[in-house]
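K.L.:
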Amino acid sequence: MSSTGTALGLSTLPFLGDYLQSTLGWRGSFLVLGAVLLNCCVCGAIMRPVRPRKPRKTEVISNGPRTPGKKGCMLGIFQSLASSLRKHMAFDLFCSNLRFRVFSLGITWMMLGFVVPLIYLVPYASAHKMDPSRAALLLSILGFVNIIVRPPAGVLFSLPWFKGRHIYVFSAALLINGLSNSICCISASFPVLLMYVLAYGLSMSVVGSLMFTVLMDTVEMSRFPSALGLLSIMESVTLLIGPPLAGNLKTLCFELCILYVDSTMSLPECLWLTEHSPNMIYWPLNSRYQNRQRMF
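For this note's numbering, count along the sequence shown from 1 and bump the result up by 13.
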């Protein structure tokens, strides 16, 4: 349910952006959208928990040892920084946990081409003389597919039969998502792009609903927030690199169709996760067996 917020914005923002650009121009539309996004900052500030009031410290006069000097203060700052990085960033987990390392590297590679179709779908349709409103309708349909499919997918894959099999369903959804990009190479007509949007939206919904579930199966629940923080930073790097890299590819090849071939970056990630899925599933059993052998 929490991941449907992205789909809700995906279904409404294309129509809103097209309407604002036709009435206010690109400067006015960016001004309105920027004002809307500023409200997200206010919502984020409200969601932060209120800190409890700290009790007032009473000054105690002591003739004990002197307070640490500059070197001691720097050491204390370094220790607090290291403890905060350990708490919020799971670098030690990335080095010690094979399952988390495989999953995080795969997701990082996937994000290199995962959002490229969302950015270049409307320019691709407009370049082939499609009406801008119909091109924006494609993105809205993609958002509606995500809204409809994600909650039932989350309920379905939470059944006991899927326990331990989430990684296989996740890899299959990534495979379909990567292969669906080749539909755009057939034609740029509205029916073909509609078929592409439906296939991409269905697979994207399954990927979005299972990503955090697979992460929960990979790490301990106590380390889940720090693992999620490190994974978000890693995937944000390739998320920023992907669209400019695709734009440079379009400049070299002079064709937007090649971007959808480039967006099949999900295929190596799917093969990577499928190859290492036995280690990701049976790793806890193997570690328990090794611990028992050490005890005896």
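Even for Gly, the Cβ is constructed at its ideal location relative to N, Cα and C.
1) Please state whether DSSP places SER171 in a helix, a strand or coil.
2) How would you write the range of the alpha helix (DSSP H) that ILE180 sits in, first residue to last?
3) Report yes or no: do three or more beta-carbon pairs, one from the region 184-201 and one from the region 245-260, lie closer than 8 Å?
4) Measuring CB to CB, does THR231 end up less than 7 Å from PHE127?
5) Can you tell me where the alpha helix (DSSP H) with ALA140 in it begins and where it stops?
6) Could you tell me the distance, in whole angstroms, from the CA atom of ARG236 to the CA atom of THR36?
7) Counting C-beta neighbours from all protein chains within 10 Å, is the total for TYR137 16 or more, i.e. buried, or is it exposed?
8) Going along the chain, which residues of its own chain have a beta-carbon closer than 6 Å to the beta-carbon of ILE189, five neighbours each way excluded?
9) In three-state DSSP terms, what is LYS176?
10) Within 10 angstroms of the Cβ of MET87, are there 16 or more other Cβ atoms? Answer buried if so, exposed if not.
11) Since ALA4 and PHE28 should fall inside the 8 Å C-beta cutoff, what is the C-beta to C-beta distance between them, to a whole number of angstroms?
12) Consult DSSP for VAL115 and reduce its assignment to one of helix, strand or coil.
13) Between which two residues does the alpha helix (DSSP H) holding ASP144 run?
14) Identify which residue in SER24, PRO204, VAL55, TYR213 has its Cα closest to the Cα of MET143.
15) Quick one: Cα of ALA48 to Cα of ARG40, how far?
16) Straight-line CA distance for LEU252 to LEU125?
17) Between LEU33 and the rest of its own chain, which residues show a CB-CB distance below 6 Å, the 5 nearest in sequence each way excluded?
P.N.:
Well, looking at it:
1) SER171 falls in the coil class under three-state DSSP.
2) Where ILE180 is concerned, the enclosing alpha helix (DSSP H) stretches over 179-193.
3) They do not touch, by the three-pair rule.
4) Annotated as distal: THR231 and PHE127, with beta-carbon spacing of 7 Å or more.
5) For ALA140, the enclosing alpha helix (DSSP H) has its first and last residue at 129-140.
6) ARG236 and THR36 have their C-alpha atoms spaced approximately 49 Å apart.
7) Taking all protein chains shown into account, TYR137 has 16 or more neighbouring C-beta atoms within 10 Å of its C-beta and is therefore buried.
8) These residues qualify, in order along the chain: SER216.
9) If DSSP states are grouped into helix, strand and coil, LYS176 belongs with coil.
10) By the neighbour-count definition (other C-beta atoms within 10 Å, threshold 16), MET87 is an exposed residue.
11) In the structure displayed, the chain extends from 14 to 309; residue 4 sits before or after that span and is not available.
12) Look at VAL115 here: in three-state DSSP terms it is helix.
13) Counting along the chain, ASP144 falls outside any alpha helix (DSSP H), and DSSP gives it neither H nor E.
14) MET143 has its Cα closest to that of PRO204, out of SER24, PRO204, VAL55, TYR213.
15) In a straight line, the C-alpha of ALA48 is about 12 Å away from that of ARG40.
16) When rounded, the distance between both Cα atoms is 6 Å.
17) If the five residues before and after LEU33 are omitted, its C-beta is found closer than 6 Å to the C-beta atoms of SER42, VAL45, all from its own chain and listed in chain order.
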